[in-house]
Amino acid sequence: MFDPRKVFGAMPTSLRSIPAVFLVGGAVAALAPAAAAAEKVRLGYAVYAGGFEILQASILLDVGRDDYEVEVSAETQGLIGTFFPWRNLSRSAGLIREGEAEPRSHRQSGTWRGRERAVSLDYDGSGGVTADVRPPDDPAERDPVPPEMVPGTTDPLSAVLSVATGVASGRGCTGTVPVFDGRRRYDLNFRTVGNRQLFANDYSVFSGPAVHCEVTSTVLAGQWKQDGVITDREKRAPIALMLAPVVEGLPPVPVRLEGESRFGDVIMHLTSADTVP
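Numbering-wise (the UniProt record's numbering), the sequence shown opens with residue 1 and increments by one.
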């Protein structure tokens, strides 16, 4: 029987985090300190795998001079959406200190094959993280994350924000960020590749130069298991993430993402960018 977990499981960790928040969660680049916008910004994205649309997502950014909030909603589309409906809503809030995003809370809720799933992460400002995961993972099905690997981590949204502020300030996107999403512990590794010229088409509204960043992930704990053996050990191909300014007064946001899976190429397109009073 076809297992929908393998649709996303076949993708690299950073791509699998896309629907849950990384893919479009990268759009929180717009939360850089220089962007003290008085209006909220809503970004729309569409994700394709093997030429078929599999996901739509929307990001709502609320930016302050010293703090940030971001809300990401995503839902499967097409054949996958029909037979294996999945919805997710994620929110992160925190402070911006010296160009770094310091999360204070992260909430994620959604449905997977008719089952409600939720994650709550709270940060004490000193590296401590309190997690509440429902339903709890079965240790026989998922490798548990050791408690000692959690302190000092950040949530997926704030992780990309911290790196993207470097792009906005001219430092590039190079860096490694430790991430804990409540169920997995992984490192996101960013590297600046160069610049790339993109053109608007039937899928994307963006046209212009973009900064090309390469993203790879290293999963440290939280992999799926089968018969007590970790099965999530495939080599994770790099992801190409393009960042560019699309809203006046805000720094770059993701305008395109390219990756690979066993089901074909995975591509994310920016479909809309609007201010919200």
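The beta carbon of each residue, even a glycine, is placed where N, CA and C say it ideally should be.
None of the values given here were measured: they were computed from a predicted structure.
Buried versus exposed call for threonine 153 [16 or more other C-beta atoms within 10 Å across all chains shown]: buried
Rounded C-alpha distance that separates valine 167 from serine 90: Rounded to the nearest angstrom, the two C-alpha atoms are 24 Å apart.
Methionine 268 beta carbon less than 8 Å from that of valine 47: Taking 8 Å as the cut-off, the Cβ atoms of valine 47 and methionine 268 count as close.
Three-state secondary structure (DSSP) of proline 33: With a pLDDT of 36 at proline 33, under the threshold of 50, the predicted position of this residue should be treated as unreliable, and no value is reported.
Segment contact flag, the region 121-141 with the region 190-210, C-beta cutoff 8 Å, min 3 pairs: no
Alpha-carbon spacing of leucine 270 relative to aspartate 138, whole angstroms: 37 Å
Candidates Gly44, Lys40 and Gly78: closest to isoleucine 54 by CA position: Checked all of Gly44, Lys40 and Gly78; the closest Cα to isoleucine 54 is Gly78.
Assumed close pair alanine 49, valine 266 - CB separation to whole angstroms, cut-off 8 Å: 5 Å
Exposure of threonine 111, with buried meaning 16 or more beta-carbon neighbours within 10 Å: exposed
8 Å Cβ shell around residue 306 - same chain, five flanking residues per side excluded: Nothing in the structure corresponds to residue 306, since the chain is present only between 1 and 277.
Per DSSP, cross-strand counterpart(s) of threonine 111: Arg87 and Glu116
Candidates Thr76, Val119 and Asp202, of which the one nearest phenylalanine 180 by Cα: Nearest to phenylalanine 180 by C-alpha distance, out of Thr76, Val119 and Asp202, is Val119.
Distance, alanine 273 Cα to glycine 99 Cα: 24 Å
Per-residue burial, aspartate 66 [other beta carbons within 10 Å of its own, 16 or more giving buried]: exposed
Three-way DSSP call (helix, strand, coil) for proline 147 in this model: It is helical.
Residue range of the alpha helix (DSSP H) that includes glycine 51: Run containing glycine 51: none; DSSP gives neither H nor E here.
Endpoints, the alpha helix (DSSP H) within which glycine 259 is located: It is not in any alpha helix (DSSP H) - glycine 259 instead sits in the beta strand (DSSP E) that spans 253-261.
Inter-residue Cα distance where the pair is valine 28 and alanine 140: With a pLDDT of 38 at valine 28, under the threshold of 50, the modelled position of this residue cannot be trusted, and the question is left open.
DSSP-derived helix/strand/coil call for alanine 140: coil
Contact under 8 Å by Cβ, glycine 182 with alanine 131: yes
For aspartate 265, the residue or residues it bridges with in DSSP: Paired residue(s): Glu260.
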